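Chains as they are written, first to last, in this note's numbering: chain D, 357 to 765; chain V, 7 to 249.
Ideal Cβ positions, reconstructed from N, Cα and C, are used throughout, including at glycine.
None of these values were measured; they are calculated from a predicted model.
Single-structure report; data block below.
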């Protein structure tokens, strides 16, 4: 494993070790020690959930550029994109699972389907997507597994198992790619459906004017593409050994793609903001106003506008046109900044109390409209736990699996 | 007639209405409530009765009286808005439940199946009236005082079943579930009016079968002073207000 992967693994192990304390609290006391409550029923973990599901959808859709739309310039990151999408999906599912009041009942979604609920639909779609990702990843790598099965040591043993009897016959690889193309073609509408569906979960709530717009599911998709594109670019540049030098053209091409996606994101946000700010309706106006000038203003201005879109866009239109290193750095900053954009998708939805005056009717634990939501230590630790697991899986998988296409040749 | 007698006769009338409604099949009745804002004095007896009846822990509230100050000094007055669950005919909360744990009964009451609810809180996000709260496992005294007060662990009889909460097990429903007002279904089933109705000192609340033209509730809901909260959302609440 490269030094960079050891670093990822190290951060992952550290996060996991820290997070265990929070996780024990989570398992012992349920949701007792969370900072959110009934007035803000969805908070940090839901933010991370939509963040990671967006990363997954975005990374996957970019992999489809290789396997469905056959864009050669992205080929070196094809497998990496599928693998990254898989890890991000696992992280997202971990977060939404932790957030359930009764974690052990999550299977009810399958036993007792309720077809009217967008939330039920997206869980079914995530499941289909998970299976599709596994199948696609395996088909992409199985010849490499078969080829590497003769290697001595752990890697050889692992590859023998993972090959599942596949023969090392490079002439069959084209056939595999045809199946991958079919799977990818199913995957594209599936990814649009599950991520647009995640946006729809929010968009259908007539009670929250901030979410209740037709633009919302589309905004989700664009954010997914932009954030997933950013993550993939950062991975291609930095996690792949000397990635930004070795895959210079790919990273530069990803940078151009990322710039387009970031600008599209800005366009959607501007449309949303202008319309809401123009009117006088508090249910539309206040959530936006809170983001811009509320106590958490920095999440919008610094994380969102600065890190997610502004700074990367400036780099990508200037030095990023020639320097793959700059593209990688811009993408890394953008990936982190998108957490802020995701925060501002969820939390402002609760900025306006359901009925005027209800915010002064209660002062109880977990039922306090006036206290500003601040994530508790336990929430951060549980988040560290889930992210730790994702980083560990990522580092180990990246180190062991034949993710770089050349590995086979 | 003195107010006390008026209130008593209202209660007797509603009691008769209730008995008549209960003699009909479930789907032929629709429970509804009419709250006269002119008669509400903001005493919160309804909120307290609800707490006592349903043994709701801290953070869980089925009923609240919203208290608003109107005007500027010296022309100031207060306005009270009691808010139970609206028991909407088109409830936005039930549609979104991923497991169908919450649903409308044929008599219009929106209920939650504590055995099924996974605790995703989508219904809380979806309710336009803030009528749902989540049971995070808080207690009034347990963990805060040397001795746990008996009321902290006293069982509630919502849905006609005994639900015990104990600080020793935070993984047992209704902890970890969404919770809400049920118009005191467990009382209705025994021929009793909801706790908030019987306790109202000003006789501001009327309860009954809105499908029964002779019920006091139906008559009160036909007043020209009537309004419902957030009509524009199309939720069709079963709780009416007289302005």
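Taking the runs of the alpha helix (DSSP H) that are 4 residues or longer, which of them lie wholly in the region 359-443 of chain D? Listed in chain order, they are 359-385 and 400-423.
| message | Considering just the uninterrupted stretch of the alpha helix (DSSP H) at residue 110 of chain V, what are its terminal residues? | response | Mapped onto the second chain, residue 110 of chain V falls at position 104. In the DSSP assignment, residue 110 of chain V falls outside any alpha helix (DSSP H) and lies within the beta strand (DSSP E) extending over 108-110.
Exercise. In angstroms, rounded to a whole number, what distance separates the CA positions of residue 160 of chain V and residue 61 of chain V?
Worked result: Along the second chain, one-based indexing puts residue 160 of chain V at 154. Along the second chain, one-based indexing puts residue 61 of chain V at 55. Taking the straight line joining both Cα atoms gives about 7 Å.
> Interface residues of chain D around residue 172 of chain V at Cβ under 7 Å?
Replying inline: Numbered from 1 along the second chain, position 166 holds the residue referred to as residue 172 of chain V. Those do not exist, as residue 172 of chain V stays about 13 Å from chain D at its closest Cβ, beyond 7 Å.
How big is the Cα-Cα spacing for residue 119 of chain V and residue 128 of chain V? Along the second chain, read from residue 1 onward, the residue named residue 119 of chain V stands at position 113. Along the second chain, read from residue 1 onward, the residue named residue 128 of chain V stands at position 122. Spanning the two alpha carbons is a distance of roughly 15 Å.
>> Quick check: is the beta carbon of residue 739 of chain D nearer than 7 Å to any beta carbon in chain V?
In response: Your numbering for residue 739 of chain D matches position 383 in the first chain. At a cut-off of 7 Å between C-beta atoms, residue 739 of chain D does not count as an interface residue with respect to chain V.
inquiry  = Counting only Cβ-Cβ distances shorter than 8 Å, please list the residues of the region 627-660 of chain D near chain V, keeping chain order.
reply    = Cβ contacts with chain V come from no residue of the region 627-660 of chain D.
Item to complete: Indicate whether at least one CB of chain D lies closer than 7 Å to the CB of residue 249 of chain V.
Response: As a position in the second chain, residue 249 of chain V is number 243, starting the count at 1. False, the Cβ-Cβ gap to chain D never drops below 7 Å.
Exercise. Could you pull out every unbroken alpha helix (DSSP H) segment of at least 4 residues lying fully inside the region 509-577 of chain D, listed in chain order?
Key: 509-519 and 529-559, all fully within the region 509-577 of chain D.
Practice item. Have a look at D:710, D:678 and D:757 and flag the residue whose alpha-carbon is nearest the alpha-carbon of residue 562 of chain D. Key: Stepping through the first chain from its first residue, residue 562 of chain D is reached at position 206. For residue 562 of chain D, the nearest C-alpha among the options comes from D:710.
Determine, for residue 451 of chain D, whether the minimum Cβ-Cβ distance to residues of chain V falls below 7 Å.
The sequence position of residue 451 of chain D within the first chain is 95, counting from 1. Not an interface residue.
By a C-beta neighbour count over all protein chains shown, 10 Å radius and 16 as the cutoff for buried, is residue 23 of chain V buried or exposed?
-> Taking the second chain and counting its residues from 1, one reaches residue 23 of chain V at position 17. Buried: at least 16 other Cβ atoms inside 10 Å.
*By how many angstroms is the C-alpha of residue 433 of chain D removed from the C-alpha of residue 450 of chain D?*
What you label residue 450 of chain D is simply residue 94 of the first chain in a count that begins at 1. What you label residue 433 of chain D is simply residue 77 of the first chain in a count that begins at 1. Their Cα atoms are separated by approximately 25 Å.
Excluding five sequence neighbours on each side, which residues of the same chain lie with their C-beta closer than 6 Å to the C-beta of residue 702 of chain D?
The residue you call residue 702 of chain D lines up with position 346 of the first chain. Apart from the 5 residues on each side of it in sequence, residue 702 of chain D sits with its Cβ closer than 6 Å to the Cβ of 398, 402 and 403 in its chain, given in chain order.
Exercise. Using a Cβ-Cβ cut-off of 7 Å, state whether residue 244 of chain V counts as contacting chain D.
Key: On the second chain, position 238 is the one that residue 244 of chain V refers to. Closer than 7 Å to the CB of residue 244 of chain V there is not a single CB belonging to chain D.
For residue 122 of chain V, which of V:58, V:140, V:150 and V:179 has the nearest alpha-carbon?
Taking the second chain and counting its residues from 1, one reaches residue 122 of chain V at position 116. Closest option to residue 122 of chain V, Cα to Cα, is V:179.
Would residue 714 of chain D pass as an interface residue toward chain V - the criterion being a Cβ-Cβ separation below 7 Å?
For the purposes of this step, residue 714 of chain D is taken as the residue at position 358 of the first chain. The beta carbon of residue 714 of chain D sits closer than 7 Å to some beta carbon of chain V.
### Query
Apart from the five residues on each side of it in sequence, which residues of its chain come closer than 6 Å, Cβ to Cβ, to residue 765 of chain D?
What you label residue 765 of chain D is simply residue 409 of the first chain in a count that begins at 1. Interpretation of residue 765 of chain D is limited by its pLDDT of 35, a score under 50 that renders its predicted location unreliable; the figure taken from the coordinates is listed afterwards. Cβ neighbours of residue 765 of chain D beyond the five flanking positions: none.
Can you name the residues of chain V whose CB is closer than 8 Å to the CB of residue 721 of chain D?
Here residue 721 of chain D refers to the residue found at position 365 of the first chain. Result: 64, 65, 142 and 144.
Check your understanding: Would you say residue 465 of chain D faces chain V, with C-beta separation under 7 Å as the test?
Key -> One-based indexing of the first chain puts residue 465 of chain D at position 109. Yes, contact with chain V.
Q. Would residue 732 of chain D pass as a contact of residue 391 of chain D if the rule is Cβ separation under 7 Å?
A. Translated into positions along the first chain, residue 732 of chain D becomes position 376. Translated into positions along the first chain, residue 391 of chain D becomes position 35. Yes, they are a contact pair.
Original post:
Is the region 162-178 of chain V touching the region 370-380 of chain D, taking contact as three or more C-beta pairs under 8 Å?
Top reply: Contact between the region 162-178 of chain V and the region 370-380 of chain D is absent, because fewer than three Cβ pairs lie under 8 Å.
Segments assigned beta strand (DSSP E), at least 3 residues, entirely inside the region 98-154 of chain V: Whole beta strand (DSSP E) segments, 3+ residues: 108-110, 116-118 and 138-140.
(Q) For residue 139 of chain V, would you say it is in contact with chain D, using Cβ-to-Cβ distances shorter than 7 Å as the test? (A) Residue mapping note: residue 139 of chain V aligns to position 133 of the second chain, counting from 1. Chain D contact via Cβ: present.
task: Select from the region 115-128 of chain V all residues with a C-beta closer than 8 Å to any C-beta belonging to chain D, and list them in chain order.
output: Cβ contacts with chain D: 122, 123, 124, 125, 126, 127 and 128.
* Sequence-distant residues of the same chain with beta carbon closer than 7 Å to residue 692 of chain D, five excluded per side -> For the purposes of this step, residue 692 of chain D is identified with residue 336 of the first chain, where counting begins at 1. So the list reads 663, once near-sequence residues are dropped.
**Asked** Using a Cβ-Cβ distance under 7 Å, would residue 203 of chain V count as near chain D?
**Response** For the purposes of this step, residue 203 of chain V is taken as the residue at position 197 of the second chain. No - not a single Cβ of chain D is within 7 Å of the one on residue 203 of chain V.
Take every Cβ of the region 405-421 of chain D, pair it with every Cβ of the region 585-592 of chain D, and state whether three or more of those distances are shorter than 8 Å.
The region 405-421 of chain D and the region 585-592 of chain D touch, with no fewer than 3 CB-CB distances between them shorter than 8 Å.
Distance check for residue 574 of chain D and residue 148 of chain V, CA to CA, integer angstroms please.
Here residue 148 of chain V corresponds to residue number 142 of the second chain, with the count starting at 1. Here residue 574 of chain D corresponds to residue number 218 of the first chain, with the count starting at 1. So the alpha carbons of these two residues sit roughly 47 Å apart.
Can you name, in chain order, every residue of its own chain whose Cβ lies under 8 Å from the Cβ of residue 32 of chain V, other than the five neighbours on each side? Taking the first residue of the second chain as position 1, residue 32 of chain V is located at position 26. Within the same chain, and ignoring the five residues on either side of residue 32 of chain V in sequence, the residues whose Cβ sits closer than 8 Å to its Cβ are 111, 112 and 113.
Endpoints, the beta strand (DSSP E) within which residue 211 of chain V is located
By 1-based counting over the second chain, the position of residue 211 of chain V is 205. Residue 211 of chain V -> beta strand (DSSP E) spans 211-215.
Within the continuous alpha helix (DSSP H) that includes residue 733 of chain D, where are the two ends? Position 377 of the first chain holds residue 733 of chain D. Its alpha helix (DSSP H) spans residues 733-756.
**Request:** Could you check if residue 383 of chain D is buried or exposed, using at least 16 other CB atoms within 10 Å of its CB as the buried criterion?
**Result:** Along the first chain, read from residue 1 onward, the residue named residue 383 of chain D stands at position 27. By the Cβ neighbour-count rule, residue 383 of chain D is exposed, with fewer than 16 other Cβ atoms within 10 Å of its own.
Sorted by chain position, which residues of the same chain lie with C-beta nearer than 8 Å to residue 457 of chain D's C-beta, five sequence neighbours on each side aside? Counting from one through the first chain, the residue named residue 457 of chain D turns up at place 101. Here the set comprises 386 and 387.
Next item on the list: Starting from the Cα of residue 407 of chain D, find the closest Cα among D:714, D:700, D:757 and D:736 and give me that residue.
Entry: Position 51 of the first chain, counted from the first residue, corresponds to residue 407 of chain D. Per the C-alpha coordinates, the member of D:714, D:700, D:757 and D:736 positioned closest to residue 407 of chain D is D:700.
Less than 7 Å between CB atoms is the rule here; does residue 483 of chain D satisfy it with respect to chain V? Within the first chain, numbered from 1, the residue matching residue 483 of chain D stands at position 127. Any Cβ of chain V closer than 7 Å to the Cβ of residue 483 of chain D would place that residue at the interface, and such an atom is absent.
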